[in-house]
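Q: First, the structure itself, so that you have it in front of you.
Number of protein chains: 2
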Amino acid sequence: MTSVTEQPVPRSWTTLRDEKARRLAAVSPWLEDGILPKERIVDALQALIHPGDRVALEGDNQKQADFLSRSLAQVDPEIVSGIHLLISSISRPEHLTLFERGIARKVDFSFAGPQSLRVAQLLEDGLLEIGSIYTYVELYARMFVDLTPRVALLCAEKADRHGNLYTGANTEDTPTIAEAAAFRHGIVIVQVNEIVDTLPRVDIPGSWVDVVVQADRPFAVEPLFTRDPRHIGDLQVLTAMMVIRGIYEPYGITSLNHGIGFDTAAIELILPTYGAELGLKGKICRNWTLNPHPTLIPAIESGWVDSVHCFGSEVGMEAYVAARPDVFFTGSDGSLRSNRVLCQLAGQYGVDLFIGSTLQIDADANSSTVTRGRLAGFGGAPNMGHDPRGRRHASEAWLKLMKAADGPVSRGSKLVVQLVETYKKGGEPTFVDELDAIAVGSKSAMPIAPVMIYGDDVSHVVTEEGIAHLHKAEGIEERRAALAAVAGVTPIGLRAKPERTAELRRRGIVAYPEDLGIRRAQAKRALLAARSIDDLVAWSGGLYAPPARFRSW
Amino acid sequence: MTSVTEQPVPRSWTTLRDEKARRLAAVSPWLEDGILPKERIVDALQALIHPGDRVALEGDNQKQADFLSRSLAQVDPEIVSGIHLLISSISRPEHLTLFERGIARKVDFSFAGPQSLRVAQLLEDGLLEIGSIYTYVELYARMFVDLTPRVALLCAEKADRHGNLYTGANTEDTPTIAEAAAFRHGIVIVQVNEIVDTLPRVDIPGSWVDVVVQADRPFAVEPLFTRDPRHIGDLQVLTAMMVIRGIYEPYGITSLNHGIGFDTAAIELILPTYGAELGLKGKICRNWTLNPHPTLIPAIESGWVDSVHCFGSEVGMEAYVAARPDVFFTGSDGSLRSNRVLCQLAGQYGVDLFIGSTLQIDADANSSTVTRGRLAGFGGAPNMGHDPRGRRHASEAWLKLMKAADGPVSRGSKLVVQLVETYKKGGEPTFVDELDAIAVGSKSAMPIAPVMIYGDDVSHVVTEEGIAHLHKAEGIEERRAALAAVAGVTPIGLRAKPERTAELRRRGIVAYPEDLGIRRAQAKRALLAARSIDDLVAWSGGLYAPPARFRSW
Numbered sequence: 218m219t220s221v222t223e224q225p226v227p228r229s230w231t232t233l234r235d236e237k238a239r240r241l242a243a244v245s246p247w248l249e250d251g252i253l254p255k256e257r258i259v260d261a262l263q264a265l266i267h268p269g270d271r272v273a274l275e276g277d278n279q280k281q282a283d284f285l286s287r288s289l290a291q292v293d294p295e296i297v298s299g300i301h302l303l304i305s306s307i308s309r310p311e312h313l314t315l316f317e318r319g320i321a322r323k324v325d326f327s328f329a330g331p332q333s334l335r336v337a338q339l340l341e342d343g344l345l346e347i348g349s350i351y352t353y354v355e356l357y358a359r360m361f362v363d364l365t366p367r368v369a370l371l372c373a374e375k376a377d378r379h380g381n382l383y384t385g386a387n388t389e390d391t392p393t394i395a396e397a398a399a400f401r402h403g404i405v406i407v408q409v410n411e412i413v414d415t416l417p418r419v420d421i422p423g424s425w426v427d428v429v430v431q432a433d434r435p436f437a438v439e440p441l442f443t444r445d446p447r448h449i450g451d452l453q454v455l456t457a458m459m460v461i462r463g464i465y466e467p468y469g470i471t472s473l474n475h476g477i478g479f480d481t482a483a484i485e486l487i488l489p490t491y492g493a494e495l496g497l498k499g500k501i502c503r504n505w506t507l508n509p510h511p512t513l514i515p516a517i518e519s520g521w522v523d524s525v526h527c528f529g530s531e532v533g534m535e536a537y538v539a540a541r542p543d544v545f546f547t548g549s550d551g552s553l554r555s556n557r558v559l560c561q562l563a564g565q566y567g568v569d570l571f572i573g574s575t576l577q578i579d580a581d582a583n584s585s586t587v588t589r590g591r592l593a594g595f596g597g598a599p600n601m602g603h604d605p606r607g608r609r610h611a612s613e614a615w616l617k618l619m620k621a622a623d624g625p626v627s628r629g630s631k632l633v634v635q636l637v638e639t640y641k642k643g644g645e646p647t648f649v650d651e652l653d654a655i656a657v658g659s660k661s662a663m664p665i666a667p668v669m670i671y672g673d674d675v676s677h678v679v680t681e682e683g684i685a686h687l688h689k690a691e692g693i694e695e696r697r698a699a700l701a702a703v704a705g706v707t708p709i710g711l712r713a714k715p716e717r718t719a720e721l722r723r724r725g726i727v728a729y730p731e732d733l734g735i736r737r738a739q740a741k742r743a744l745l746a747a748r749s750i751d752d753l754v755a756w757s758g759g760l761y762a763p764p765a766r767f768r769s770w
Numbered sequence: 218m219t220s221v222t223e224q225p226v227p228r229s230w231t232t233l234r235d236e237k238a239r240r241l242a243a244v245s246p247w248l249e250d251g252i253l254p255k256e257r258i259v260d261a262l263q264a265l266i267h268p269g270d271r272v273a274l275e276g277d278n279q280k281q282a283d284f285l286s287r288s289l290a291q292v293d294p295e296i297v298s299g300i301h302l303l304i305s306s307i308s309r310p311e312h313l314t315l316f317e318r319g320i321a322r323k324v325d326f327s328f329a330g331p332q333s334l335r336v337a338q339l340l341e342d343g344l345l346e347i348g349s350i351y352t353y354v355e356l357y358a359r360m361f362v363d364l365t366p367r368v369a370l371l372c373a374e375k376a377d378r379h380g381n382l383y384t385g386a387n388t389e390d391t392p393t394i395a396e397a398a399a400f401r402h403g404i405v406i407v408q409v410n411e412i413v414d415t416l417p418r419v420d421i422p423g424s425w426v427d428v429v430v431q432a433d434r435p436f437a438v439e440p441l442f443t444r445d446p447r448h449i450g451d452l453q454v455l456t457a458m459m460v461i462r463g464i465y466e467p468y469g470i471t472s473l474n475h476g477i478g479f480d481t482a483a484i485e486l487i488l489p490t491y492g493a494e495l496g497l498k499g500k501i502c503r504n505w506t507l508n509p510h511p512t513l514i515p516a517i518e519s520g521w522v523d524s525v526h527c528f529g530s531e532v533g534m535e536a537y538v539a540a541r542p543d544v545f546f547t548g549s550d551g552s553l554r555s556n557r558v559l560c561q562l563a564g565q566y567g568v569d570l571f572i573g574s575t576l577q578i579d580a581d582a583n584s585s586t587v588t589r590g591r592l593a594g595f596g597g598a599p600n601m602g603h604d605p606r607g608r609r610h611a612s613e614a615w616l617k618l619m620k621a622a623d624g625p626v627s628r629g630s631k632l633v634v635q636l637v638e639t640y641k642k643g644g645e646p647t648f649v650d651e652l653d654a655i656a657v658g659s660k661s662a663m664p665i666a667p668v669m670i671y672g673d674d675v676s677h678v679v680t681e682e683g684i685a686h687l688h689k690a691e692g693i694e695e696r697r698a699a700l701a702a703v704a705g706v707t708p709i710g711l712r713a714k715p716e717r718t719a720e721l722r723r724r725g726i727v728a729y730p731e732d733l734g735i736r737r738a739q740a741k742r743a744l745l746a747a748r749s750i751d752d753l754v755a756w757s758g759g760l761y762a763p764p765a766r767f768r769s770w
């Protein structure tokens, strides 16, 4: 081998920047102060996006750059085709029209709840190709590595004539995508509801923005985090009591994240009743990473909550949040500033417990929300629902999961709790021998099965039967026995042996309600601090303004 | 149990915001357009910081808000005392003067390299109390949960008269700390080198900033990522060849993070020589998350590198980076935009390989840079040097670490590589029976030993002896045997049995240079594409301007 060094090859180092300038020059005659007349949007997209481009389209978990997505669906596929879409949530019909029309070809995404059946169909028809399915922050991570967007189509409430943006309460992912695009010479196009002279505050500097366009109507956003307490049943009150008595209290859980199910809403709603009676106010559930759940209002009003940092916002909660700045992260203008990446970071590394629900769990506590025919993805759960092995700081709760057997090099662990009923509505068992995700993954030729939370990351499973402290179990067999002990009469639960379960209860590995001093008869809806949306409004002093569909009066 | 709901207690929900307004009012007579004359800084800090406050002081890995830290060290401890300092890097003498004078009492931090002996001493003297030691992003995560700062003391290059900030290339942690403070009613005080009418670009909006002060001199920043190729020896060239031939090539590593040691610098420097001869250009090492290492210049100039996203910057690399916008993330003004949180996210979730060095490794591949008497912390390594269990997307490299034995619910893994010489300079073995970190942790009453990278996260250990593919080993005993096989004549290495090692080599679990077709005689400094700082400057076409201490001409 020689040691001849390659010589530098003469080349341009500004191809990305030059290309951006070229494309922007094509639309500059239409711009005034960087503002594009909305009638020009389809023309502009045709000039700014080239075939095969990587395009980040803001379809967040909540807010949608829908004026831009509807406009993109109207471009001429002879001009713009085969783009590679980066989108966290495939949630609007036109997102998939892009594939039907050949405008887009490949997609990297995190969640496709409402459109998951169509995603599966388009995949089968060969019109859509999946790069990968991610948890949110992974997708954003790759936007700074090998998936930097050439064009970003974003969404904000207001812009001024310098391109500065005010996102309003749903800041969500806009700053992150804007940063990935703007600083690698991507073209940043933003739809806004309104163009004003002076912004309430600046969320994203105008230096990062190339084109602003006022949308035909305010951006779309769904109240995804509103759970009507009327739909919470006694069984959910029971599991909520168990979680508080059997986990939050003994482990000393002060910082946490809740999923969006009715089961966790029940926990939020019995803090001011059951939690208060246990004398736990100020001792648990002080610092939260979650969106402004309406069902958290009674706990906030009762003085349980020190702080809430949010991924996004929630429709109808704007005035309430603005009136509670001691609790929420709000700007000098008074309105919420959310930030999905930072809240996911906080939810991963800064809190001691994640609790969420799922659709299926297997004997090893692997779980997934992917069921047959659906390619739903996972959103943010995998990032928070695992033990973050990069964590180096200790807390009381985290240390309680330390295994003495590990010797001097040992560490604690995050509490990852799965909270389910043994049977789903409709009579399907939650505990199954094999997750549907395995068949779905194999049918869709995915490299691995789309598992949401891996069993080896789960510390606790809670059902109406009891709590399985999986982290206390010694070995796989004992772990499976503990899970079976709370799996009711599902195929997995039927494997439980009474004498084994009795032993696990004695050793504190399994806890039934009676082991926790909870009588099932106590577990009544009457324990809910609010039993209707109307109650929540009352608790909020009239500040919470629920969307029409949740109003019953 | 009754179900009486607690009633809302009348209280103020704006105590944080009111307190902020009260404090700012006290200094407002001194401000003009939010700008404080520098002579007033000590008075202002005395008015704005109250005893016991949580104060985030920007001591990043690189840039230092040193005008503010020097000023803070001058406040009257009768007025400001017992503050709780949040600081990522304890790196300047005055950081510890704060504790000696009683101005600060408690600290949460990530890294204390140059000051680690003094930290240990102050701890022993009872003048300093450690909250926890973190990896960077964990500490920031908690700033959005239970460690929100009441005051943030930050650092930028320029401000305009609206408080908008231009950070320059060392954006680092400023946007993140500013966001945590500004949106929870913390007071944001920023030192700048210069106040101008028009900024090159805006990195942080003025809406987030309360007080700007022009520093007495430009903020301090050290060239921490500059490795002079003259100090790279043949042994490091050998290990670099092994990494390329034995890991990067067969695993197909396209996206990666490198630590800052001479061993990884050697890899960077032989890509254009050894790497090119293997025909690997374009096939490996395309997308990087790391600071602008000068030793990466030859690989960039030879066309190996598609992109580099940076945590911070590097002194002297400004003009070079600005001239290579196809590769680096730069703003519309042309200069680098870095961002530690986003780059850590990219390094955690968006790349397939982390490779770094350490001071000690035990038989189970646990490692630490904490050695006797020092409380150094870890900086960012733990966040990138672990298998991120929240990852759900697959890549070729990641899938190669999948274990078939895991059945249908299986996943791949990140490559976490430790690259060390079996003996350190000075003749101390790198491989030890027990990490010093265990004694240090126990002496300092830390809840767990300060381990930097846990063995169960390590996929490969590389020494001058060979590569241990730990992820391929079956069971703990085989894993230990593989590690021993590359641990040379250290106490751990002496446990290796020749026949066992031979078997591990046959099975591809251990690879010695000859197994990879590498002759030790090839491994010469002559393979380095640059053998001096001067060579690096030449490669850069004169754009790299090394700091004086690195100049030999």
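Chains as they are written, first to last, in the working numbering: chain V, 218 to 770; chain G, 218 to 770.
Cβ coordinates follow ideal geometry from the N, Cα and C atoms, glycine included.
For the region 428-463 of chain V, which segments carrying the beta strand (DSSP E) assignment without a break, of at least 3 residues, lie completely within its bounds, in sequence order?
A: 428-431
Q: Along chain G, in chain order, which residues have C-beta atoms closer than 8 Å to that of P328(V)?
A: The question names Pro, but residue 328(V) is Phe in the sequence shown. Those do not exist, as F328(V) stays about 11 Å from chain G at its closest Cβ, beyond 8 Å.
Q: Scan the region 657-724 of chain V and note each continuous beta strand (DSSP E) run of 3 residues or more that stays entirely inside, going in chain order.
A: List check, beta strand (DSSP E) in window: 677-679 and 684-686.
Q: Does any residue of chain V bring its CB to less than 8 Å from the CB of R589(G)?
A: no
Q: Identify which residue in Y351(G), P764(G), V649(G) and L488(G) has its Cα closest to the Cα of G705(G).
A: V649(G)
Q: Hey, L497(G) and E466(G): beta-carbon distance below 8 Å or not?
A: yes
Q: Within 10 Å of its beta-carbon, does G643(G) have 16 or more other beta-carbons around it, so buried, or fewer, so exposed?
A: Around the beta carbon of G643(G), fewer than 16 other beta carbons sit within 10 angstroms, so the residue counts as exposed.
Q: Comparing alpha-carbon positions, which option in C527(G), R447(G) and A690(G) lies nearest R742(G)?
A: Ranking the options by Cα distance to R742(G), first place goes to R447(G).
Q: Could you compute how far the alpha carbon of S220(V) sits from the alpha carbon of L455(G)?
A: Bear in mind that the predicted position of S220(V) carries a pLDDT of just 41, short of 50, making it unreliable; the figure below should be weighed with that in mind. Going from the Cα of S220(V) to the Cα of L455(G) covers about 14 Å.
Q: With a threshold of 8 Å between beta carbons, is C502(G) in contact with chain V?
A: no
Q: Identify, in the order they occur along the chain, each residue of the same chain with its Cβ nearer than 7 Å to the Cβ of L241(V), setting aside the five sequence neighbours on each side.
A: I404 and D427
Q: Looking at C-alpha atoms only, which residue of P268(G), L570(G), V419(G) and V675(G) is the closest neighbour of V368(G)?
A: P268(G)
Q: Whose C-alpha, out of F400(G), R444(G) and L416(G), is nearest the C-alpha of M534(G)?
A: R444(G)
Q: State buried or exposed for I693(G), treating a residue as buried only when at least 16 other CB atoms are found within 10 Å of its CB.
A: exposed
Q: Out of P763(G), V727(G) and I750(G), point me to the one whose CA is closest to V460(G)'s CA.
A: V727(G)
Q: Which chain V residues sit within Cβ distance under 7 Å of T547(G)?
A: F400
Q: Could you tell me the alpha carbon to alpha carbon distance between M458(V) and R737(V), rounded to whole angstroms?
A: Roughly 10 Å between the two C-alpha positions.
Q: Does N583(G) have its Cβ less than 8 Å from a Cβ in chain V?
A: yes
Q: Among the residues of its own chain, which have a CB less than 6 Å from the CB of M218(G), if the five just before and after it don't count?
A: Below a pLDDT of 50, predicted positions are generally treated as unreliable, and M218(G), at 33, falls in that range; the measurement from the model is reported next regardless. Answer for M218(G): no residue qualifies.
Q: Mind reading off the beta-carbon distance from T352(G) to F571(G)? Whole number of angstroms is fine, and I expect it under 8 Å.
A: Not quite, the Cβ-Cβ distance comes to about 12 Å (not below 8 Å), so this is no contact.
Q: Could one say the Cβ of I350(G) lies closer than 8 Å to chain V's Cβ atoms, at least one of them?
A: Yes - at least one Cβ of chain V is within 8 Å of the one on I350(G).
Q: Would you grab the beta carbon distance between L340(G) and I347(G) for me? Rounded to a whole angstrom, and I think it's under 8 Å.
A: 7 Å
Q: Let me see if you follow: with CB-CB separation under 8 Å, is S220(V) close to chain G or not?
A: Because the pLDDT of S220(V) is 41, which lies under 50, any placement of that residue in the model is unreliable, and the question is left without a value.
Q: If you reduce the DSSP assignment to three classes, tell me which class D623(G) lands in.
A: Reduced to three states, the DSSP call for D623(G) is helix.
Q: Taking the straight line between their C-alpha atoms, what separation do you get for V259(V) and V430(V)?
A: Looking at the two C-alpha atoms, the distance is approximately 11 Å.
Q: Taking only beta-carbon positions, decide if H301(V) is within less than 8 Å of chain G.
A: no
Q: Given a threshold of 16 other Cβ atoms within 10 Å of its Cβ, counted over all protein chains shown, does K631(G) qualify as buried or as exposed?
A: buried
Q: Between which two residues does the beta strand (DSSP E) carrying L274(V) extend?
A: R271 to L274
Q: Tell me the rounded alpha-carbon separation between S424(V) and A238(G).
A: 30 Å
Q: Skipping 5 residues on each side, what residues in its chain have a beta carbon closer than 8 Å to that of W756(G)?
A: I514, P515, E518, A746 and A747
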